[in-house]
Structure formats: C-alpha cells, structure tokens
Amino acid sequence: MTDSVLIIGAGELGMCMLEAVAAHPLRPQVKRLSVLVRAPTADPAAPPEKQQAARRIQELGAELETADVVRDSTEELAALLSRYDTVLSCTGMELPPGTQAKLADAALAGGVRRYFPWQYGMDYDAIGNGSSQQLFDEQLGVRAKLRAGTKTTEWVIVSTGLFMSFLFVRDYGVVDLEAKTVRALGSWDREITLTTPRDIGRVAAEAVLDPRDIKNQVVYTAGDTLTYGQLADTLDAHYKTKFRRELWDEDTLRRQVEANPADGYAKYREVFGHGVGVAWPKSGTLNAQRSMAMTSVEDHLRETDIEFPRP
Numbered sequence: 010m011t012d013s014v015l016i017i018g019a020g021e022l023g024m025c026m027l028e029a030v031a032a033h034p035l036r037p038q039v040k041r042l043s044v045l046v047r048a049p050t051a052d053p054a055a056p057p058e059k060q061q062a063a064r065r066i067q068e069l070g071a072e073l074e075t076a077d078v079v080r081d082s083t084e085e086l087a088a089l090l091s092r093y094d095t096v097l098s099c100t101g102m103e104l105p106p107g108t109q110a111k112l113a114d115a116a117l118a119g120g121v122r123r124y125f126p127w128q129y130g131m132d133y134d135a136i137g138n139g140s141s142q143q144l145f146d147e148q149l150g151v152r153a154k155l156r157a158g159t160k161t162t163e164w165v166i167v168s169t170g171l172f173m174s175f176l177f178v179r180d181y182g183v184v185d186l187e188a189k190t191v192r193a194l195g196s197w198d199r200e201i202t203l204t205t206p207r208d209i210g211r212v213a214a215e216a217v218l219d220p221r222d223i224k225n226q227v228v229y230t231a232g233d234t235l236t237y238g239q240l241a242d243t244l245d246a247h248y249k250t251k252f253r254r255e256l257w258d259e260d261t262l263r264r265q266v267e268a269n270p271a272d273g274y275a276k277y278r279e280v281f282g283h284g285v286g287v288a289w290p291k292s293g294t295l296n297a298q299r300s301m302a303m304t305s306v307e308d309h310l311r312e313t314d315i316e317f318p319r320p
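Numbering (my numbering), first residue to last: 10 to 320.
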C-alpha cells in the first residue's frame, strides 16, 4: 500500500511519471499525490508555460510542493521528503554535481519508505567507475549510499537505456536525418536499449503501485533493444530510402573525447561505443514480466512522424 507519492520535477519525465501514476488502476490507493517544483512554477504570476504546467499537475489530481533541490539544505529537503511514503526523483540532467547525492541523503535522513533515484538510464554497475562520463560516477556513488543506507528506506532503480528521442538528436551523432546518415558506435553488431519517457513513466508507476516483491534492486525496462545495423535497416524501411552508414569505432570515439573534452555528447558516445551496460534483452525487463506493450523504434518513428528536414 502506497499512501503518499512525491514526484520531484515537472519536466518531460516528471510529467510522464505523473500521468502514468494518475492513470494506473491502483491510483485510488494513493491518498496524497504531489509534485515538487521550484517556487516560480507555483507562482500565480509565473510565465504562461509555467502556469500551464501547474494547471496540468492539478488537473491530474496532484498537489504542488515547492523547494529548490540545489539551494536547499539536506536537512530542509529531508524534512519535506519525510512527509511522503514514496519519492521518485525525476530531475537531474541540468543540475550541478552532487545534487543526486544530496537527494539520496535527504531521502535516507527523512526515513522515506521507498525511494526511486534519478537513475533512468544505463546499467552503471556494469559500466563501472572511471568512464569518460563523470555523471555516471556520481550515479554509482548514489547507489553505494542507498545500498549502505538504513533499513527504513527501500530503494528501486529503474534502468531504461537511452531515452528514445535522444537517439534522433542530431548533435548526438547517431541519426542525422538532414544528412541521411546513420552511425554505429563501436560496431554495427553492438546493441543499444531505448525507452520513451512515456513508457518509463508507465513502468515506474507499475513498480510504485504494484511492487509485489520489488525492493532494494535494479529493475530494467526496454522499449526496444537492437543493434546499430538493425537501427539502420529500420530507418531505411521507414523512410523508403538508403541511409549512408558510417562506423565510429572505439578509437574514433576516444579521439573525439580527447579533441573535445568538454563535449558531453562525445562522452556519451564513447561510453556507448564500448557496448557495456547500455543494452539488455527485452525478455528480462519488468515490462516483459508484466506483459506491458511498449514503444519500439519503428513505433516511435511512426507515432512522432519525424520527417527529413527541408532544404
């Protein structure tokens, strides 16, 4: 039984999480559902887009909590989180280093019964410390905190692979629609797991509201797991044209990081090029165990109707 749920963040993932919890058949068991936002979002005089977000949160039956996870102290955050049975952190991409560790400390200090950290991504345990993406090292530190934490707080990590939309960001470099080019990281046989934010929300909501025996563990989701070769074939079939195929092997990816050490995209590519901790079979995922229909790459292309840029 989950009496109260707090979702930290009202960005794309946070809103997908809220919508999934609100739509879940077991939603009535949650007596209090809230979303934590910064004070400007809850201000009646906020810009229209923030007012719209606040209205949407309330339309979904959730309350607004306000705090600043960067500026507020661990003690202040712990006091807030302590009022909730389950806390899901859905904010982190643009936050300064140390924020996720602070949130984990606050969840433990506040005695939160179940904590879902912002770890919706790779299998950081498999990747290990010392990768070119320093954020991954911080994520490993959060896992260590939770594993060494108190008996009061259970934790659940949802590993999702890459957000599917990220694959089509031109600067990431894998799919370049304008150039009709698809690139493999590492090799054409290397696999990648992808999940849409909407599906991440659905699977996380399932773990929150119908956990069964899920506790103190990593669970996996996958909308699709495919090789870069299969990705190229999917693009060819969807767009009814042949994409140019280009291989960026591990040496190439390493040189890209060395040439641009501040380039976050290059760091991500270099990690993915190793093919470790970035893909897993769909058969072992929570969505497969619960027979949940998920969005594949082919589905995503069809549903989003991504077109070639016009000259």
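Think of the CB as a built atom: it goes at the ideal place given N, C-alpha and C, for glycine as much as any other residue.
For clarity, every value in this text was computed on a predicted model and none was experimentally measured.
beta-carbon residue i near the ligand ZN non-hydrogen atom, thresh 7 Å
i: Asp81; result: No copy of the ligand ZN occurs in the structure displayed, which carries no ligand at all.
Beta carbon of residue i nearer than 8 Å to that of residue j
i: Thr108; j: Val79; result: yes
i: Met173; j: Thr304; result: yes
i: Asn225; j: Trp289; result: no
i: Gly18; j: Leu42; result: no
i: Leu194; j: Tyr237; result: yes
i: Gly217; j: Met301; result: The identity of residue 217 in the sequence shown is Val, whereas the question assumes Gly. In this structure, Met301 does not lie closer than 8 Å to Val217 by Cβ.
i: Arg192; j: Glu255; result: yes
i: Asn296; j: Ala241; result: no
i: Val44; j: Ile16; result: yes
i: Thr162; j: Val121; result: yes
i: Glu307; j: Thr234; result: no
i: Gly210; j: Thr100; result: no
i: Val96; j: Tyr129; result: no
i: Gly170; j: Thr202; result: yes
Terminal residues of the alpha helix (DSSP H) in which residue i lies
i: Gln265; result: Glu259 to Ala268
i: Arg64; result: Pro57 to Glu68
i: Ala271; result: First-last for Ala271: undefined, no H or E at that position.
i: Lys111; result: Thr108 to Ala118
i: Ala4; result: The structure shown does not extend to residue 4, since the chain is modelled only from 10 through 320, so no value can be given for it.
i: Thr250; result: Premise fails: Thr250 is in no alpha helix (DSSP H) and is neither H nor E.
i: Ala87; result: Thr83 to Leu90
i: Gly23; result: Glu21 to Ala32
Beta-ladder partner(s) of residue i, from DSSP
i: Tyr124; result: Val96 and Trp164
i: Thr204; result: Phe172
i: Ser13; result: Arg41
i: Leu256; result: Ala193
i: Val46; result: Thr75
Residue span of the beta strand (DSSP E) that contains residue i, given as start and end
i: Leu235; result: Asp233 to Thr236
i: Gln226; result: Gln226 to Tyr229
i: Thr75; result: Glu72 to Thr75
Beta-carbon contacts of residue i that lie in its chain and below 6 Å, excluding the five residues immediately before and after
i: Gly119; result: Ala87, Leu90 and Ser91
i: Gly282; result: Leu194, Gly195, Glu259 and Leu262
Cut-off 7 Å between Cβ atoms - residues of its own chain near residue i, not counting five sequence neighbours on either side
i: Ile136; result: Phe145, Val280, Val285 and Gly286
Query - Complete runs of the beta strand (DSSP E) confined to the stretch 128 to 194 [at least 3 residues] - result: 163 to 168 and 190 to 194
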